[in-house]
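Written out below as structure tokens is the structure these notes cover.
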Amino acid sequence: GDSVTQMEGPVTLSEEAFLTINCTYTATGYPSLFWYVQYPGEGLQLLLKATKADDKGSNKGFEATYRKETTSFHLEKGSVQVSDSAVYFCALNSLSSASKIIFGSGTRLSIRP
Amino acid sequence: GAVVSQHPSRVICKSGTSVKIECRSLDFQATTMFWYRQFPKKSLMLMATSNEGSKATYEQGVEKDKFLINHASLTLSTLTVTSAHPEDSSFYICSARDPGPPNPDTQYFGPGTRLTVL
């Protein structure tokens, strides 16, 4: 079945460092791909999305490009801030399972001042 | 953007009692809502898909008599944890799909409900 694999955390970086969180997927067809963010004590928020190959989703300085050839959707940010500390979930919209969202295991990110 | 609320945000109950959690779409009509369970430091596990006016579809391994779901209107779905036990303690999150443009396949998540069963 469809699945999402993302890098294990936790990830700890200093402020203004470059961030990459890897995400790869296995799916039937060409699903939409998402990154969700969960700040401490809060629910999930959609961070960005891409709906087709080579699309780039971007929001709040974060970017991710839908790479069909490598089945990847890595999350990047050029200069992280303390306020970016959160758990990040890569996800896909499963075309083979009634459009359910399949989540990765989440990556906890901590940014040091 | 679309807003989904949950109530209560936190509940503590005694073992054997039942607890109801509400999920509301505040500014759109949601024909489909989803209920997830999140274990500490783990990802979200889909429990069931709730369709307005019909029975919910449960994922494998989820007891439908234990977790009662009702989707009585286009803006409200409820999850009732019946005869709760300590192992039911978890973070329960709902989401709702806005079928309208511009993003009909996007789910909007509620803030979650922390259930603690003593």
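Residue numbers (the working numbering), protein chains in the order written: chain A, 1 to 113; chain B, 1 to 118.
For every residue, glycine included, the Cβ atom is placed at its ideal position computed from N, Cα and C.
With its beta carbon less than 7 Å from one in chain A, P111 (chain B) belongs to the interface. With 16 or more other Cβ atoms from the protein chains shown falling within 10 Å of its own Cβ, S50 (chain B) counts as buried.
Excluding residues up to 5 positions away in sequence, E15, I111 and P113 lie with their Cβ nearer than 7 Å to the Cβ of V82 (chain A) in the same chain. Contacts with chain B at 7 Å (Cβ-Cβ) do not include I21 (chain A).
With a threshold of 16 other beta carbon atoms within 10 Å, S79 (chain A) falls short and is exposed.
Legend: CB atoms of the region 44-60 of chain A lying less than 9 Å from CB atoms of chain B belong to residues L44, Q45, L46, K49 and T51. Looking at B:A84, B:L44, B:S54 and B:S25, the one whose alpha-carbon comes closest to that of A72 (chain B) is B:S54.
Listed along chain A are L44, F89 and F103, each with a C-beta nearer than 8 Å to that of L44 (chain B). Per DSSP, H71 (chain B) is one residue of the beta strand (DSSP E) stretching across F67 to S73. Contact check for L26 (chain B) against Y36 (chain B) fails: the beta carbons are separated by 7 Å or more. When DSSP states are grouped into helix, strand and coil, E87 (chain B) belongs to the helix group. In its chain, beyond the 5 residues on either side, T5, T71 and S72 have a beta carbon closer than 6 Å to the beta carbon of T24 (chain A). The region 86-106 of chain A and the region 24-36 of chain A touch, with three or more beta-carbon pairs separated by less than 8 Å. Note that the C-beta distance between Q38 (chain B) and F109 (chain B) is not below 7 Å.
Excluding the 5 residues flanking it on each side, G61 (chain A) has same chain C-beta neighbours closer than 8 Å at K77, G78 and S79, in chain order. Under the three-state reduction of DSSP output, S83 (chain A) falls in the helix class.
Taken in chain order, the members of the region 78-112 of chain B whose beta-carbon sits within less than 7 Å of a beta-carbon on chain A are I93, D105, T106, Q107, F109, G110, P111 and G112. The beta carbon of L76 (chain B) sits closer than 6 Å to the beta carbons of R24 from its chain, once the five residues preceding and following it are set aside; these are given in chain order. When the five nearest sequence neighbours on each side are left out, the beta carbons in the same chain lying within less than 6 Å of the beta carbon of A96 (chain B) are those of V4, S25, A30, M33 and Y108, in order along the chain. Less than 7 Å separates the beta-carbon of A64 (chain A) from that of L75 (chain A). The C-beta of G106 (chain A) comes closer than 7 Å to at least one C-beta of chain B.
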